[in-house]
Amino acid sequence: GEDVEQSLFLSVREGDSSVINCTYTDSSSTYLYWYKQEPGAGLQLLTYIFSNMDMKQDQRLTVLLNKKDKHLSLRIADTQTGDSAIYFCAESGDQTGANNLFFGTGTRLTVIP
Amino acid sequence: KAGVTQTPRYLIKTRGQQVTLSCSPISGHRSVSWYQQTPGQGLQFLFEYFSETQRNKGNFPGRFSGRQFSNSRSEMNVSTLELGDSALYLCASSPELASFGELFFGEGSRLTVL
Chain D
6 GEDVEQSLFL SVREGDSSVI NCTYTDSSST YLYWYKQEPG AGLQLLTYIF SNMDMKQDQR
66 LTVLLNKKDK HLSLRIADTQ TGDSAIYFCA ESGDQTGANN LFFGTGTRLT VIP
Chain P
98 KAGVTQTPRY LIKTRGQQVT LSCSPISGHR SVSWYQQTPG QGLQFLFEYF SETQRNKGNF
158 PGRFSGRQFS NSRSEMNVST LELGDSALYL CASSPELASF GELFFGEGSR LTVL
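Here the protein sequences line up with chains D and P, keeping their order. Here the first sequence is numbered in our numbering, starting from 6 and rising by one per residue. Here the second sequence is numbered in our numbering, starting from 98 and rising by one per residue.
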């Protein structure tokens with residue numbers, strides 16, 4: 006079955022770059038996603054990447070996909086205190102277009118002022 | 098546009114009881130998915146409803162059930178509650194069945210089972 010792994014914690018200083026890593030197992034996943042969860046809130050889609058892409062950039066966010074190694078990363082440039090949250094990597098599995106995503110355990114990002 | 102609304106936000110039950118959670122999707126969204134979030138297991142998919150029909154189901158026992166109404170609002174029910182059912186239950190809506198993971202989540206219903 007699908008298995009998505011992430012490290013649990015990451016601390017960075019304000020202004021530095023953050024890199025959150027994720028590994029997944031289902032090579033047939035069509036889309037891979039990054040969601041953000043702030044305290045007391047639901048998840049918010051940050052960005053996603055189609056499986057035939059290597060990189061996607063969206064303002065301060067850069068997503069890198071290494072399909073051979075099944076490795077996904079999210080880079081946040083100029084990290085701010087407001088970026089402190091839990092970041093979830095997710096894959097779509099082999100059901101194209103299905104809304105049942107497989108989430109990682111989440112990485113808690115702490116930004117130190 | 099109002100977001101996904103879940104009620105109640107917090108509730109406490111005892112073992113053996115049952116619970117019903119409600120989710121109102123974003124206006125115009127027809128797909129509603131439910132997820133269970135726990136510290137140990139993370140986020141796990143429960144089921145998805147579209148046009149009042151269950152379209153996908155996760156690996157949960159039959160004690161977990163749901164339904165969707167004609168106005169797209171959805172409810173999930175857990176019967177014979179166990180301590181391990183304590184979790185944050187998240188509802189997510191999307192415009193169509195195959196919305197490629199663009200899920201819009203509510204704030205969740207936090208269930209504590211004593």
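Beta carbons: idealized from backbone N, C-alpha and C, even for Gly.
Interface annotation, residue 79 of chain D: not in contact with chain P, CB-CB separation never under 8 Å. The continuous stretches of beta strand (DSSP E) do not include residue 204 of chain P, and DSSP gives it neither H nor E.
Counted as a single uninterrupted DSSP element, the beta strand (DSSP E) harbouring residue 61 of chain D occupies residues 60-63. Within a 10 Å sphere around the beta-carbon of residue 11 of chain D sit 16 or more other beta-carbons, which makes this residue buried. Per DSSP, the continuous beta strand (DSSP E) segment holding residue 184 of chain P begins and ends at 184-191. Within chain P, no residue has its beta carbon less than 9 Å from that of residue 14 of chain D; the closest one is some 13 Å off. In the three-state reduction of the DSSP assignment, residue 177 of chain P falls in the coil class, being assigned neither a helical nor a strand state. Remark: C-beta atoms of residue 91 of chain D and residue 19 of chain D do not approach each other more closely than 8 Å. For residue 90 of chain D, the closest Cβ of chain P is not nearer than 8 Å.
Classified as exposed, residue 58 of chain D has fewer than 16 neighbouring CB atoms from the shown chains inside 10 Å of its CB. Between residue 77 of chain D and residue 70 of chain D, the beta carbon gap of about 5 Å places them in contact (Cβ cut-off 8 Å).
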